[in-house]
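*Asks:* Under the numbering used here, the letters of the sequence shown match residues 810 to 1162, in that order. For every residue, glycine included, the Cβ atom is placed at its ideal position computed from N, Cα and C. Just so you know, these numbers come straight off a predicted model, no measurement behind them.
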Amino acid sequence: MTRPTNDTLLRALLREPTDYTPLWLMRQAGRYLPEYRASRATAGSFMDLCRNADFATEVTLQPLERFPLDAAILFSDILTVPDAMGLGLSFAEGEGPRFARPLRDEAAIRALEVAPMEKLDYVFNAVAAIRKALGNRVPLIGFSGSPFTLACYMIEGRGSDDFRHIKGLMYSRPDLLHHILDVNARTVTEYLNQQIEHGAQAVMVFDTWGGILSGPAYREFSLEYMRRIVAGVKREHNGERVPVVLFTKGGGQWLTDMADTGCDSLGLDWTVDPAQARALVGSRVALQGNMDPISLMGSAEGVAAETRRVLEAFGPAPGHVFNLGHGISQHTPPENVAVLVDVVHRHSRALRT
Ligand code: 1CP
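Given below as structure tokens:
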């Protein structure tokens, strides 16, 4: 299998030298783009975009048609996995996701099984269709939620401010939470391996909610299950190395533990000091991040200045993928994204000479 013509992202994730710092943006296909909103209206709903390979391909490519980004990311959602386990996902207009059958009692938890991969065929078909449409331009990133972050939605049934149901279970029946996390980790491992089989060239695990835990609880209930995924994911496909990225939002204090999983790269949220992160993990892993997504709301000059500051904070050493510290806001002016992309490419080249 050939590497993409622009393999800068893959090289940076493996800490190989690059001519410039590659970038992509979390949620780069999404509501801040008018063309995305138009596609969603045509498709009917967000899940209709995800379930139809043609629509998923169309919206995955939209940000790449506007900006010279260095990677595409599969258009899908982390909640496809609990949906395939039978929990009944819906997205009400203007509200977040909801599960019809959240896990709230021992019988339901004991009945939970690894999701049948056939129920996720629509995701794998989208991966294959996107790879085909991309040609050999840039690599395609596949992804999943972390076992713990998925469990948050599976137990709460929706987003939450205090996570009282999952934490209640963790403090009263840790054995039941471990059962859910074990099923999730086995499912996610298979799910990512299928994405790789169908053409994903790097994979990222989003642990959006691991940062709500204490240190010991993070290690026991989130990190341990991500470690199993890193150990179980195919790290090579068709002779090419497939880098694995772990991202725990709010996980800045656990970066060394995260690097110990054997992953290739760590995502950093914007609260992390890049130089301190590099000092902690040494040259073991690449780092991805970490501009505050809300900084994109300011003036073009402000965006350019903040982009340069973040690039300089990481320095020119190999192993940096520029990204935001979390998903791009739907209120972001697309013109500011153009400024960001241009400054990352030009200033990172200048820093290397
Ligand atoms: O059009 C719409 O109204 C839907 C908005 C939307 C989009 C564009 C949702 C609903 N999901 C997505 C796509 C998505 N989600 C991607 C696509 C690829 C990309 O361009 O980056 C990815 C990687 C995700 C991952 C995801 N979904 C995470 C992990 C990363 C993160 O942002 O923290 C999480 C927590 C979700 C759950 C989810 N899906 C959608 C919403 C609104 C939420 C958050 C729910 C909540 O907790 O309130």
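#1: Pick helix, strand or coil for VAL936, following the three-state DSSP scheme.
#2: Counting C-beta neighbours from all protein chains within 10 Å, is the total for TYR980 16 or more, i.e. buried, or is it exposed?
#3: With respect to 6 Å, is the separation between the Cβ of GLN837 and the closest non-hydrogen atom of the ligand 1CP below this value?
#4: Beta-carbon separation of ASP1069 and VAL1053 under 7 Å?
#5: At a threshold of 6 Å, does PHE933 count as lining the ligand 1CP (C-beta to nearest heavy atom)?
#6: Output needed for ASN1129: all residues of its chain with C-beta closer than 6 Å, excluding positions within five of it in sequence on either side, in chain order.
#7: Assuming GLY977 is part of the alpha helix (DSSP H), what are its boundary residues?
#8: Looking at the ligand 1CP, does it come within less than 6 Å of THR814, judged from the CB to the closest heavy atom?
#9: Are the beta-carbon atoms belonging to LEU1075 and PRO1102 less than 7 Å from one another?
#10: Would you please state the rounded distance, in angstroms, between the beta carbons of GLY951 and VAL1012? I believe it to be under 8 Å.
#11: Secondary structure at SER1031, three-state DSSP: helix, strand or coil?
#12: Taking 6 Å as the cut-off, is the C-beta of ARG849 nearer than that to any heavy atom in the ligand 1CP?
#13: Count the other C-beta atoms from every protein chain shown that fall within 10 angstroms of the C-beta of HIS1140, then say buried if there are 16 or more, exposed otherwise.
#14: Alpha carbon to alpha carbon, how far is VAL947 from MET835? Give it in angstroms, no decimals.
#15: Would you mind stating whether HIS974 and ILE989 have Cβ atoms separated by less than 7 Å?
*Replies:* Answer, in terms of the structure:
#1: helix
#2: exposed
#3: yes
#4: no
#5: no
#6: Residue identity differs from the one stated: residue 1129 is His in this sequence, not Asn. Hits under 6 Å: THR830, LEU1096, PHE1123.
#7: GLY977 -> alpha helix (DSSP H) spans 973 to 981.
#8: no
#9: no
#10: 5 Å
#11: helix
#12: yes
#13: exposed
#14: 16 Å
#15: no
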